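S.K.:
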Amino acid sequence: MKNEDNIWQLYMDDQLNKEQRHEYEKTLTDAQKKNVENERRFYKIIAEKISSDQYCPEHLWDNIEDNIARQPEAVKVKRRFILSAAAVILLLSLLSVVLIEQSVAKPINVSVQFDKDIEDIKTEIEVMGPRQDVQEYLHNNGFMVDIGDIQACSKKHNHMIEMGGISQVKVNGIVCRCVKLYYACCSQPVFTYIVDMNQKQEFKFTVDVPDTKWIENTLGNYRIVTISPHHSGAVADLYTLTHADQ
Numbered sequence: 015m016k017n018e019d020n021i022w023q024l025y026m027d028d029q030l031n032k033e034q035r036h037e038y039e040k041t042l043t044d045a046q047k048k049n050v051e052n053e054r055r056f057y058k059i060i061a062e063k064i065s066s067d068q069y070c071p072e073h074l075w076d077n078i079e080d081n082i083a084r085q086p087e088a089v090k091v092k093r094r095f096i097l098s099a100a101a102v103i104l105l106l107s108l109l110s111v112v113l114i115e116q117s118v119a120k121p122i123n124v125s126v127q128f129d130k131d132i133e134d135i136k137t138e139i140e141v142m143g144p145r146q147d148v149q150e151y152l153h154n155n156g157f158m159v160d161i162g163d164i165q166a167c168s169k170k171h172n173h174m175i176e177m178g179g180i181s182q183v184k185v186n187g188i189v190c191r192c193v194k195l196y197y198a199c200c201s202q203p204v205f206t207y208i209v210d211m212n213q214k215q216e217f218k219f220t221v222d223v224p225d226t227k228w229i230e231n232t233l234g235n236y237r238i239v240t241i242s243p244h245h246s247g248a249v250a251d252l253y254t255l256t257h258a259d260q
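With the working numbering applied, the sequence shown closes on residue 260, and no number is skipped along the way.
#1: List the DSSP bridge partners of W22.
#2: Report the three-state DSSP secondary structure of N186 (helix, strand or coil).
#3: Count the CB pairs spanning the region 236–251 and the region 159–167 that are closer than 8 angstroms, and state whether there are at least three.
#4: Determine whether the beta carbon atoms of V159 and Y207 lie at a separation below 8 angstroms.
#5: Going by alpha carbons, who is nearest to W228 out of I175, S125 and S246?
#6: What span of residues does the alpha helix (DSSP H) with L152 cover, start to end?
#7: What does DSSP give as the partner residue(s) for E39 in the beta ladder?
#8: The beta strand (DSSP E) with Q202 in it runs from where to where?
#9: Less than 7 angstroms between C-beta atoms, sequence neighbours within five positions excluded: which residues of the same chain meet that for Y25?
#10: List the endpoints of the continuous beta strand (DSSP E) containing S246.
#11: Any idea if R194 is buried or exposed, counting beta-carbon neighbours within 10 angstroms, 16 or more meaning buried?
#12: Given a cut-off of 8 angstroms on the beta-carbon distance, is the pair V124 and V50 in contact?
#13: Looking at chain D, is there any beta carbon in it that lies within less than 8 angstroms of the beta carbon of G162?
#14: For a test of the three-state rule: what should DSSP assign to T137, helix, strand or coil?
#15: Quick one: is V189 buried, meaning 16 or more other Cβ sit within 10 Å of its Cβ, or exposed?
#16: How about G178 and Y196: do their beta carbons lie closer than 8 angstroms?
#17: Closer than 6 angstroms by C-beta to Q202: which residues in its own chain qualify, once you throw out the five before and the five after it? Chain order, please.
#18: Under the rule that 16 or more other beta-carbon atoms within 10 Å means buried, what is V204, buried or exposed?
Next comes the structure, spelled out in structure tokens:
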């Protein structure tokens, strides 16, 4: 068995000459030839993946070899097939690491600026109020969130709310899956950010003035952050999921 293993290894490593290879291949069954083809394909993929700077733990292969070596002789004949299966598992593990690294993007930092002139704030707004126009903008851009009755909410919280408008959040000129809604509450600015969490992208908000009031809620697949130096509760109470998205 040991000699057969040595010949097999020489064959797999292309160490046999043409005549030896031809003679050895005559002894292989169709199933063994198929295993050879599969194993070489797997090892080629593994080699390519490892050579692309992906770390392959040495102890993993050592453990596989040790476990197989402890098996009875009858099991060892399947050694190469098991190693091929192990190669597939390792490859999938390496690929999963790559995919995870690619999918975990850096957080998007959004600067929330209240210390700005009202005219400068107006230039940011893509669609000005009334509420119906802002609502239409939300839905047209795939945000299935409804804005409630502003007058009723004002009466409920005893705060005068006015709708300003809405815009798409952009960071370094890139449009994000996040929108910013502009309000005034008792003539003080209030901003709401609605983040689409389906995009698996983290947003971090930093404010340029102290003592701001934050309210953060999760509504379905949306993260809703309402911030104001005055009062945020009344505006934060406006939002519900669009019925079709519930």
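Glycine included, each C-beta is placed from N, C-alpha and C at the ideal position. Since the structure is predicted, the reported quantities are computational estimates derived from the model, not experimental observations.
M.R.: Checking against the coordinates, here is how it stands:
#1: Against the sequence shown, residue 22 aligns to sequence position 8. Answer is none; W22 lacks a bridge partner.
#2: Taking the first residue of the sequence shown as position 1, residue 186 is located at position 172. Note: N186 maps to coil in three-state DSSP.
#3: yes
#4: Residue mapping note: residue 159 aligns to position 145 of the sequence shown, counting from 1. Residue mapping note: residue 207 aligns to position 193 of the sequence shown, counting from 1. Not closer than 8 angstroms, so no.
#5: Counting from 1 along the sequence shown, the entry for residue 228 is found at position 214. Out of I175, S125 and S246, S246 has the C-alpha closest to the C-alpha of W228.
#6: As a working note, residue 152 is residue 138 in the sequence shown. Start and end: R145 to N154.
#7: Along the sequence shown, read from residue 1 onward, the residue named residue 39 stands at position 25. Bridge partners of E39: none, in fact.
#8: Along the sequence shown, read from residue 1 onward, the residue named residue 202 stands at position 188. Taken as a continuous stretch (DSSP letters only), the beta strand (DSSP E) holding Q202 covers Q202 to D210.
#9: For the purposes of this step, residue 25 is taken as residue 11 along the sequence shown, with counting starting at 1. Correct list, in chain order: R35 and Y38.
#10: The sequence position of residue 246 within the sequence shown is 232, counting from 1. S246 -> no beta strand (DSSP E), and no H or E assigned at all.
#11: Taking the sequence shown and counting its residues from 1, one reaches residue 194 at position 180. First, the amino acid is wrong: residue 194 is Lys here, not Arg. Label assigned to K194: buried.
#12: Residue mapping note: residue 124 aligns to position 110 of the sequence shown, counting from 1. Residue mapping note: residue 50 aligns to position 36 of the sequence shown, counting from 1. No; because the gap between Cβ atoms is not below 8 angstroms, this pair is not in contact.
#13: The chain inventory of the structure shown lacks chain D, comprising one protein chain alone.
#14: By one-based count along the sequence shown, residue 137 stands at place 123. Helix at T137.
#15: Counted from its first residue, the sequence shown places residue 189 at position 175. Exposed, because fewer than 16 other Cβ atoms sit within 10 Å of the Cβ of V189.
#16: Indexing the sequence shown from 1 puts residue 178 at position 164. Indexing the sequence shown from 1 puts residue 196 at position 182. A contact, by the Cβ cut-off of 8 angstroms.
#17: On the sequence shown, residue 202 is found 188 positions in, with the first residue counted as 1. Within the same chain, Q202 has close Cβ partners H244.
#18: Translated into the one-based positions of the sequence shown, residue 204 becomes position 190. With 16 or more other Cβ atoms within 10 Å, it is buried.
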